[in-house]
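Taking the numbering used here, I'd label the letters of the sequence shown as residues 2 to 311. From the three backbone atoms N, C-alpha and C, an ideal C-beta is built for every residue, glycine too. Please read these numbers as outputs of a predicted model, since none were measured by experiment. Just below is one structure, and these are the notes that go with it.
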Amino acid sequence: MIIVVVFVSNNVDYSQSVRYVEKFLINSEGNNKSANVINSSESSDIFRETVDESVADKLKQRVRVLIWVMTSPKTVEKARAVKNTWGSRCDLLLFFSSENNTEIPIIELDVEEGREHLFEKTTQAFDYIYENYFDMADWFMKVDDDTFVVMENLRHFLYDKNASEPVFTGRHFHEPRLNISFESGGAGYVLSKEALRRFGTRESSPPFCTNETIYEDVEMARCLQRLGVSILNSTDNKLRSHFHPYDAESHVIKGLPVDYILYDANSYKVGMDAINEHAITFHYISPQQMHLLYYYTYHFRPFGISYTYS
């Protein structure tokens, strides 16, 4: 076995140092004719890796989830990234926008684009799902087109939850000025079957769902709570989070903006210890980052480490 330790001086060009190391390794390889040397093609025959998805497959059969993605004509590239990455692992995946698209099967809504119309867009989408897909799933999740979802972790989280109870869950926030608890829209939130039933059969007069602010997630929470739907806490027994309103870098290293910290209904933490190992969502993910996260989640892994699930 050869151990190489390289010290690079500030006065030495880095590329030149690399060439020195390469030359040393080549010479060492040429001098080592021992039978103990195994080339790469031989070593690949020693270990054969198999992927066991049996537990994930069982969860997929038992936990039926519909996910719908809010997108727009200007952000169709983000929707395409969703479709080509984690969206391929969904049971049912729907896209809603104000305009149709030939590349992505979008359900067109009769609503204008703009932040002030997000709540109307959301209510129309959930109404459509109730009328057309209610019997096809037990849980119904809304996400943005820049949200990354780990479907296997979502099903695992929902496995022991009762979809017949009127609940919704996600990243739990509290708006102190309005005194309203809600679930972050960017982190994604999930309605149980009973919650969607109550929403889909709500009376129009008096209106349960009104757009009193421009905040879609706040108004959705206000509407659901008027219908007797409760928030289901999503943190684990160590107060670690599953749903994340920002990207992983912000939650692990940089921290969140002050407003988000003040809104967090659970004690705000930053760092790897603040995130459950079975994290479900991250937000503000670009199309390029979407593909990178998908690679890290499903293809990149350290050799020789396996996990057992019961």
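Quick one: measure Cβ to Cβ for residue i and residue j, integer angstroms, because I've assumed they're closer than 8 Å.
i      : j      : result
GLY189 : GLY171 : 6 Å
ALA266 : HIS252 : That pair is no contact at about 16 Å.
ILE215 : ARG81  : Incorrect: roughly 27 Å between the Cβ atoms, too far for contact.
SER99  : GLU113 : 7 Å
HIS243 : THR148 : With a Cβ gap of about 13 Å, HIS243 and THR148 do not count as contacting.
VAL66  : TYR160 : Not a contact, Cβ separation roughly 11 Å.
LEU94  : GLY88  : 5 Å
ASN101 : VAL77  : Not a contact, Cβ separation roughly 11 Å.
VAL1   : ARG203 : Because the chain spans 2 through 311 in this model, residue 1 falls outside it and cannot be assessed.
Answer yes or no: do residue i and residue j have a C-beta to C-beta separation smaller than 7 Å?
i      : j      : result
ALA57  : GLU153 : yes
LYS194 : ASP139 : yes
ARG241 : ASN212 : no
VAL219 : GLU176 : yes
PRO288 : LYS79  : yes
PHE174 : TYR308 : no
THR282 : VAL83  : no
CYS91  : ILE68  : yes
PHE169 : LEU192 : yes
Around the Cβ of residue i, are there at least 16 other Cβ atoms within 10 angstroms (buried) or fewer (exposed)?
i      : result
SER29  : Here the model assigns SER29 a pLDDT of 49, short of 50, so the residue's position is not dependable and the matter cannot be decided.
ILE232 : buried
VAL52  : exposed
LEU119 : buried
SER235 : buried
GLY272 : exposed
PHE304 : exposed
GLU109 : exposed
GLU217 : buried
MET291 : buried
PRO167 : buried
VAL259 : exposed
ARG1   : Residue numbering for the chain in the displayed model covers 2 to 311; residue 1 lies beyond these limits and cannot be assessed.
ILE286 : buried
Got a sec? Which residues, its chain only, sit under 7 Å from residue i by beta carbon, not counting five neighbours each side?
i      : result
TYR261 : PRO246
SER44  : Confidence at SER44 is low in this model, with a pLDDT of 49, below 50, so its placement is unreliable and no value can be given for it.
SER165 : LYS194 and GLU195
ASN33  : Reliability fails at ASN33, whose pLDDT of 48 lies under 50, so the model's placement of it is uncertain and the value that follows must be treated cautiously. Within the same chain, ASN33 has no close Cβ partners at all.
LEU257 : TYR247 and SER251
ASN163 : none
ALA86  : In the sequence under discussion, the amino acid at residue 86 is Thr, which differs from the Ala named in the question. Counting only Cβ-Cβ distances below 7 Å, and skipping sequence neighbours, we find MET291, HIS292 and TYR295.
THR124 : CYS210
ASP128 : GLY201
Considering only residues of the same chain and omitting the five flanking positions on each side of residue i, which have a CB-CB separation below 6 Å?
i      : result
ASP145 : MET71 and GLY187
LEU197 : TYR131 and PHE141
ASP237 : ASN277
ILE39  : Residue placement at ILE39 is poorly supported in this model, since its pLDDT is 49, which falls under 50; the coordinates are not used for a value here.
HIS300 : none
TYR269 : ILE262
LYS61  : none
Given residue i, which residues of its chain have a CB within under 8 Å of its CB, disregarding the five upstream and five downstream residues?
i      : result
TYR310 : VAL56
PHE158 : SER235, HIS243, HIS279 and ILE281
PHE135 : LYS194, LEU197, ARG198 and GLY201
LYS75  : GLU114
GLU327 : Outside the displayed range of the chain (2 to 311) lies residue 327, so it cannot be described from this structure.
Original post:
Using 8 Å as the Cβ pair cut-off and three pairs as the minimum, do the region 209-226 and the region 144-160 touch?
Top reply: No, they do not touch.
Original post:
Are the region 176-184 and the region 288-295 touching, with three or more C-beta to C-beta distances below 8 Å?
Top reply: no
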